[in-house]
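Protein chains: 2
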Amino acid sequence: MGTAAAGAAAAALERAPLAAGSRRRSGHARADVAVVGAGFAGLTAALKLVRAGRSVVVLEARNRVGGRAWNHELPGGEASERGAAFVGPTQNHILHLAKQFDVHKFATYDEGDNVYYADGSRTTYSDKTPTGIVPPDPTIDVDAAAVVTQLDQMAGQVPVDAPWEASSASDWDGQTLKHWLESNSSYSVNDRFRRLVAVATRPIFGAEARELSLLYTLFYIAASGNERNPGTFERNFSTRDGAQMWRFHGGTQRLAKRIAEALGDRVVLRSPVRRIVQHGNGVTIHSRRLEVHAKRVIVAIPPTLTGRIHYHPALPAERDHLVQRFPQGTLIKAAAVYGRPFWRDHGLTGQALSLNGPVNATFDDSPPDGSKGVVFGFIGGHEARRFRHMSKHERRAAVLSNFEAYFGPRARHPRDYFETDWTKQRWTRGCPVAIAGPGTLLAHGPAIRKPVRRIHWAGTETSTYWMGYMDGAVRSGKRAAAEVLDHL
Amino acid sequence: MGTAAAGAAAAALERAPLAAGSRRRSGHARADVAVVGAGFAGLTAALKLVRAGRSVVVLEARNRVGGRAWNHELPGGEASERGAAFVGPTQNHILHLAKQFDVHKFATYDEGDNVYYADGSRTTYSDKTPTGIVPPDPTIDVDAAAVVTQLDQMAGQVPVDAPWEASSASDWDGQTLKHWLESNSSYSVNDRFRRLVAVATRPIFGAEARELSLLYTLFYIAASGNERNPGTFERNFSTRDGAQMWRFHGGTQRLAKRIAEALGDRVVLRSPVRRIVQHGNGVTIHSRRLEVHAKRVIVAIPPTLTGRIHYHPALPAERDHLVQRFPQGTLIKAAAVYGRPFWRDHGLTGQALSLNGPVNATFDDSPPDGSKGVVFGFIGGHEARRFRHMSKHERRAAVLSNFEAYFGPRARHPRDYFETDWTKQRWTRGCPVAIAGPGTLLAHGPAIRKPVRRIHWAGTETSTYWMGYMDGAVRSGKRAAAEVLDHL
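As given, the protein sequences belong to chains A and B, one line each in that order. FYI, the working numbering numbers position 262 of the first sequence as 263, with every residue one higher than the one before it. FYI, the working numbering numbers position 158 of the second sequence as 159, with every residue one higher than the one before it.
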């Protein structure tokens with residue numbers, strides 16, 4: 002961190018009473034608060050607590066920080082992202098954090114046209130029109146626009162802090178998104194429209210429409226905004242005023258690394274937490290490398306992983322049953338690195354929507370100076386499950402064949418190719434977010450953020466806004482830290 | 002075990018080479034096969050392996066065997082069941098096992114009429130008529146009979162070993178049972194019928210219709226039979242030729258105890274398994290009291306609990322994602338013990354179906370000689386979640402008020418009252434069975450029984466027939482043991 006702003010942030014932490022109350026001997030540590038997980042949620046919580054003068058230990062299972070934000074280094078010191086890549090308007094919390102740590106944003110490359118691909122036919126179109134992200138296909142565009150409008154309207158009736166209290170919650174949580182589409186669009190008779198829906202649900206949720214509760218989907222849309230700007234579907238899928246509008250210099254993980262750097266040896270890597278024991282006046286967190294005695298603990302990992310820690314006493318049934326029913330989505334990111342972003346020469350943004358997989362959506366993830374060309378594709382839901390069973394060679398060929406169809410023959414010969422199957426990432430176990438089928442939010446939703454005595458829950462899945470995004474993670478970390486501070 | 006048959010079974014085990022290859026020193030053991038879980042699945046697997054001359058260690062987390070079969074001792078040495086209570090025709094595997102261990106069955110008390118209760122109105126009726134379990138309510142009985150017939154017919158098209166291969170699997174796994182009912186009955190306009198459906202889904206699945214995939218529901222029905230007798234819905238809910246037809250003398254757990262007795266010190270209690278490590282020529286199972294080195298391991302616990310063991314190497318994504326989406330149902334059993342089964346004097350079976358909860362269904366669970374009267378009630382799904390938030394006093398009052406409404410004022414004054422909230426049972430975490438929402442079987446079903454190198458899966462949820470029942474558990478134990486024997 003060379004700049005003044007980052008220096009100031011680090012200096013502020015130095016002034017915090019790091020040692021006061023935070024004592025460590027071999028294998029043991031004592032702190033006011035233990036934080037489980039060094040993704041954006043855990044790091045933000047730790048930061049807020051340290052700034053409030055509290056001693057903190059952050060236990061991270063991996064040998065890196067960032068969680069679902071994970072850089073892939075490119076030759077020459079630039080970075081592409083294996084996971085979280087974008088930020089956008091209304092995501093004030095992650096943007097503010099980045100500013101503090103001197104990580105600057107830049108616009109996602111967005112000049113020219115997008116590609117729409119369907120069954121061998123390739124069209125280019127601008128998303129800078131009133132129809133926005135809806136691709137130019139007369140067999141589906143009217144339906145797509147109508148469905149988006151209707152979902153946005155319904156989402157407007159879902160309270161982001163308690164979707165289960167929406168007046169139609171019981172109806173909406175009794176059906177899948179697929180079923181709602183069958184009753185409210187040409188879904189059941191229009192094969193193309195059906196496939197277009199998957200083009201949206203696979204990247205956004207890592208799921209098929211049949212796996213998603215309608216209520217959960219509406220909540221997710223409602224959460225794609227902030228206190229002043231109601232969420233919209235389009236914001237999940239757009240470089241224009243949407244969640245894909247900007248990127249971070251040096252990659253998203255750089256911000257996580259800078260926070261961790263400022264937190265210094267408060268962050269302990271390679272130390273998965275196995276057991277959390279609550280007792281009369283504190284909580285003991287047993288991790289691989291360190292046993293931490295704290296007053297409170299913030300668990301900031303995906304819900305399904307919270308269920309794999311052993312708790313004593315056992316967690317209440319409400320919490321346990323929520324976690325049993327709140328799985329991570331199924332998502333793979335595949336990326337190719339080229340000498341330069343050649344698609345730009347042909348007036349293309351690097352964004353493609355395709356009814357033919359495995360890659361149903363792509364984005365330009367090149368370094369800001371365009372000195373290299375990087376395009377990545379999302380492979381989600383059913384396509385991801387199919388893809389996983391191919392050989393390494395077949396997978397690469399399938400992805401490059403998609404890229405060629407979207408961007409031309411040069412796409413077939415990248416300098417580098419890499420995939421990240423998030424379902425295989427042991428300490429995430431699926432991306433981009435936890436999904437809920439019918440009945441889960443209605444029956445178990447209230448347990449999402451409810452503390453269990455000295456245990457507080459963070460992670461993007463616990464956020465009321467921008468759940469599933471880095472902004473939600475940062476929000477959740479702040480909220481959990483505030484809860485803890487209220488009790489210290 | 003006093004009798005000849007049980008003696009013979011035990012003697013056969015004695016002759017098995019118990020010591021051969023099964024060596025134990027403090028905290029360590031070596032065996033051909035380790036079995037995780039001493040419910041019926043694990044015990045049956047161990048039995049089969051020992052009989053085949055293999056050395057076995059069974060690791061059980063609790064301080065008792067039986068899993069979801071758990072006796073509540075009554076004064077005088079009789080037993081009532083906190084969990085699994087009944088067996089019935091087509092459940093040949095559990096029946097055969099019981100015979101071997103000299104545990105005799107007797108008929109569930111079934112003389113007289115059942116009670117149907119709806120909004121203050123109480124009717125009695127015989128289920129020994131062609132309409133069977135359908136209660137005598139003109140506002141719902143035609144619909145109920147039609148729905149049962151239609152579900153049975155559809156279930157006939159579901160292969161029990163691969164429900165995801167049914168020709169309509171994609172359609173059926175894209176919707177909830179609730180949604181199917183809305184399109185195929187008066188469900189959406191008939192409040193009583195809607196509540197009657199819950200009367201069925203709560204005891205059978207511990208769930209509301211909105212939580213269940215239609216495909217999963219149809220599979221469950223298809224599985225309620227055996228190779229010669231196709232499954233039917235009614236068999237899940239009937240003392241007449243159904244899964245509630247017989248009980249075991251001494252309670253269902255008695256059979257588990259006898260098997261465990263025969264297995265002797267091969268069964269290690271109070272030893273939850275934390276970690277399973279596969280290596281080149283074997284597998285090491287780390288449990289609280291014992292580290293077992295084995296050639297193969299059979300994991301015979303509910304799916305969601307298999308996900309809480311740490312595996313090295315990590316389980317494949319297919320398996321992990323199935324387990325993330327296969328939660329246990331929500332079920333509480335509440336029972337009252339009376340001086341005698343007084344309802345029998347009034348010509349009642351002790352069975353009630355009620356549209357008004359918390360208890361939606363009851364059964365007579367008295368000892369075979371009728372020397373005491375025991376009636377238990379199922380509280381499931383939404384009712385269970387409501388019930389859990391009442392005080393102990395309120396819960397008891399609510400249950401006894403139901404019992405009084407069904408069986409008269411004497412029901413209000415039991416000698417004993419006890420509840421078993423299976424969601425709070427740490428080593429089960431929900432009953433009666435794991436449930437699947439839309440999309441789970443289609444995307445992840447094939448992982449249910451698929452071994453992961455040296456790890457084999459058992460438990461009633463892995464059974465093709467009588468999943469959710471003791472018979473399914475026994476079947477699964479035999480199947481897993483056979484898989485292992487093929488590799489030893």
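Even for Gly, the Cβ is constructed at its ideal location relative to N, Cα and C. As the structure is a computational prediction, the values presented were derived from the model and not from experiment.
Shorter than 8 Å from the beta carbon of histidine 287 of chain A to some beta carbon of chain B? As a working note, residue 287 of chain A is residue 286 in the first sequence. No, because no Cβ of chain B sits closer than 8 Å to the Cβ of histidine 287 of chain A.
Looking at the structure shown, is histidine 488 of chain B part of a helix, part of a strand, or coil, going by DSSP? Translated into the one-based positions of the second sequence, residue 488 of chain B becomes position 487. Helix.
Residues of chain A with a CB under 8 Å from the CB of proline 439 of chain B: which are they? Your numbering for residue 439 of chain B matches position 438 in the second sequence. By Cβ distance, chain A contributes Thr177, Lys179, Arg211, Glu212, Gly438, Pro439.
CB-CB length for glutamate 61 of chain A against leucine 213 of chain A, believed under 8 Å: In the first sequence, counting from the first residue as 1, residue 61 of chain A sits at position 60. In the first sequence, counting from the first residue as 1, residue 213 of chain A sits at position 212. Actually they are not in contact, since the Cβ atoms of glutamate 61 of chain A and leucine 213 of chain A sit about 30 Å apart, beyond 8 Å.
List the residues that DSSP assigns as beta-bridge partners of alanine 491 of chain A. Because chain A in this structure spans residues 2 to 489, residue 491 of chain A falls outside the shown range and cannot be described.
To the nearest angstrom, how far is it from the Cα of glycine 478 of chain B to the Cα of glycine 89 of chain B? The residue labelled residue 478 of chain B in the question sits at position 477 within the second sequence. The residue labelled residue 89 of chain B in the question sits at position 88 within the second sequence. Using only the alpha carbons, I get a separation of about 19 Å.
Kindly list the residues whose CB is nearer than 8 Å to the CB of asparagine 191 of chain B, restricted to its own chain and excluding five residues on each side of it in sequence; keep chain order. In the second sequence, the residue the question calls residue 191 of chain B occupies position 190. These residues qualify, in order along the chain: Thr140, Ile141, Asp144.
Should the segment 27 to 36 of chain B be regarded as contacting the segment 412 to 427 of chain B, the criterion being three or more beta carbon pairs within less than 8 Å? no
Taking a Cβ distance cut-off of 9 Å, strictly less, list which residues of the segment 135 to 146 of chain B are near chain A, in chain order. none
Comparing alpha-carbon positions, which option in B:His105, B:Thr441, B:Gly68, B:Leu197 lies nearest arginine 320 of chain B? Taking the second sequence and counting its residues from 1, one reaches residue 320 of chain B at position 319. Per the Cα distances, B:Thr441.
Measure from the alpha carbon of alanine 435 of chain B to the alpha carbon of each residue in B:Val375, B:Ala406, B:Val400, B:Gly473, then state which is nearest. Counted from its first residue, the second sequence places residue 435 of chain B at position 434. Out of B:Val375, B:Ala406, B:Val400, B:Gly473, B:Gly473 has the C-alpha closest to the C-alpha of alanine 435 of chain B.
Under 8 Å between C-beta atoms of threonine 331 of chain A and alanine 208 of chain A: Within the first sequence, residue 331 of chain A is the residue found at index 330, counting from 1. Within the first sequence, residue 208 of chain A is the residue found at index 207, counting from 1. Yes; because the gap between Cβ atoms is below 8 Å, this pair is in contact.
Closer than 7 Å by beta-carbon distance: list the chain A residues that pair up with glutamine 329 of chain B, in chain order. Walking along the second sequence from the start, residue 329 of chain B turns up at place 328. Near glutamine 329 of chain B (Cβ distances below 7 Å), the residues of chain A are Gln325.
Does isoleucine 260 of chain B come out as helix, strand or coil in the three-state DSSP assignment? Here residue 260 of chain B corresponds to residue number 259 of the second sequence, with the count starting at 1. In the structure shown, isoleucine 260 of chain B sits in a helix (DSSP, three-state: H, G or I).
Beta carbon of valine 338 of chain B nearer than 8 Å to that of proline 410 of chain B: Against the second sequence, residue 338 of chain B aligns to sequence position 337. Against the second sequence, residue 410 of chain B aligns to sequence position 409. No; because the gap between Cβ atoms is not below 8 Å, this pair is not in contact.
Strand pairing of glutamine 329 of chain B, partner residues [DSSP]: By one-based count along the second sequence, residue 329 of chain B stands at place 328. Beta-bridge pairing links glutamine 329 of chain B to B:Ala435.
At least one CB of chain A closer than 8 Å to the CB of threonine 305 of chain B: is that the case? By 1-based counting over the second sequence, the position of residue 305 of chain B is 304. Yes - at least one Cβ of chain A is within 8 Å of the one on threonine 305 of chain B.
Between the beta-carbon of alanine 224 of chain A and the beta-carbon of methionine 468 of chain A, is there less than 8 Å? Translated into positions along the first sequence, residue 224 of chain A becomes position 223. Translated into positions along the first sequence, residue 468 of chain A becomes position 467. Yes; because the gap between Cβ atoms is below 8 Å, this pair is in contact.
Segment contact flag, the segment 242 to 259 of chain A with the segment 79 to 86 of chain A, C-beta cutoff 8 Å, min 3 pairs: yes
Between the C-alpha atoms of glutamate 384 of chain A and aspartate 172 of chain B, what's the straight-line distance to the nearest angstrom? For the purposes of this step, residue 384 of chain A is identified with residue 383 of the first sequence, where counting begins at 1. For the purposes of this step, residue 172 of chain B is identified with residue 171 of the second sequence, where counting begins at 1. In a straight line, the C-alpha of glutamate 384 of chain A is about 18 Å away from that of aspartate 172 of chain B.
Taking just the CA atoms, how far does arginine 289 of chain B sit from glycine 243 of chain A? Here residue 243 of chain A corresponds to residue number 242 of the first sequence, with the count starting at 1. Here residue 289 of chain B corresponds to residue number 288 of the second sequence, with the count starting at 1. Distance between the alpha carbons of glycine 243 of chain A and arginine 289 of chain B: 51 Å.
Mind checking who valine 143 of chain A pairs with in its DSSP beta bridge? Residue 143 of chain A sits at position 142 when you count from the first residue of the first sequence. Note: valine 143 of chain A sits in no beta bridge, so no partner.
Where does tyrosine 470 of chain A sit, in a helix, a strand or coil, going by DSSP? Taking the first sequence and counting its residues from 1, the one referred to as residue 470 of chain A is at position 469. Three-state result, tyrosine 470 of chain A: coil.
Determine the closest residue to aspartate 370 of chain A out of A:Thr202, A:Arg248, A:Ser168, with distance taken between C-alpha atoms. Looking up residue 370 of chain A in the first sequence gives position 369. For aspartate 370 of chain A, the nearest C-alpha among the options comes from A:Arg248.
Can you tell me whether asparagine 72 of chain B is buried or exposed, with buried defined as 16 or more other CB within 10 angstroms of its CB? Along the second sequence, one-based indexing puts residue 72 of chain B at 71. Looking at its Cβ environment, which holds 16 or more other Cβ atoms inside 10 Å, asparagine 72 of chain B is buried.
Report the rounded CA-to-CA distance for proline 439 of chain A versus leucine 323 of chain B, giving the unit in angstroms. Here residue 439 of chain A refers to the residue found at position 438 when the first sequence is read from its first residue. Here residue 323 of chain B refers to the residue found at position 322 when the second sequence is read from its first residue. Those two C-alpha atoms are separated by around 17 Å.
Contact with chain B by lysine 334 of chain A, beta-carbon distance below 8 Å: For the purposes of this step, residue 334 of chain A is taken as the residue at position 333 of the first sequence. False, the Cβ-Cβ gap to chain B never drops below 8 Å.
Under three-state DSSP, which class holds valine 190 of chain B? Counting from 1 along the second sequence, the entry for residue 190 of chain B is found at position 189. Here valine 190 of chain B sits in coil by DSSP.
Near-chain B residues of the segment 453 to 464 of chain A (beta-carbon distance less than 8 Å), N- to C-terminal order: none
Proximal chain A residues relative to arginine 427 of chain B, where beta-carbon distance stays under 8 Å: Taking the second sequence and counting its residues from 1, one reaches residue 427 of chain B at position 426. Within chain A, the residues near arginine 427 of chain B are Ala315.
Ignoring anything shorter than 3 residues or poking outside the segment 40 to 100 of chain B, list the beta strand (DSSP E) runs there in chain order. 57 to 60, 72 to 74, 80 to 82
Classification of histidine 313 of chain B by the beta-carbon crowding that lies within 10 angstroms, buried from 16 upward: As a position in the second sequence, residue 313 of chain B is number 312, starting the count at 1. Classification for histidine 313 of chain B: exposed.
Quickly, what does DSSP pair histidine 287 of chain A with across the bridge? List them, please. Taking the first residue of the first sequence as 1, we reach residue 287 of chain A at position 286. According to DSSP, which records beta bridges pairwise, histidine 287 of chain A is partnered with A:Arg276, A:Glu292.
Within the 8 Å Cβ cut-off, does histidine 322 of chain B reach chain A? In the second sequence, counting from the first residue as 1, residue 322 of chain B sits at position 321. With 8 Å as the cut-off, histidine 322 of chain B counts as an interface residue toward chain A.
Presumed contact (8 Å Cβ cut-off) between asparagine 227 of chain B and tyrosine 470 of chain B, rounded CB distance: In the second sequence, residue 227 of chain B corresponds to position 226, counting from 1. In the second sequence, residue 470 of chain B corresponds to position 469, counting from 1. 11 Å between Cβ atoms; not a contact.
Using 8 Å as the threshold, is the segment 379 to 396 of chain B in touch with the segment 119 to 129 of chain B, meaning 3 or more CB pairs across them? no
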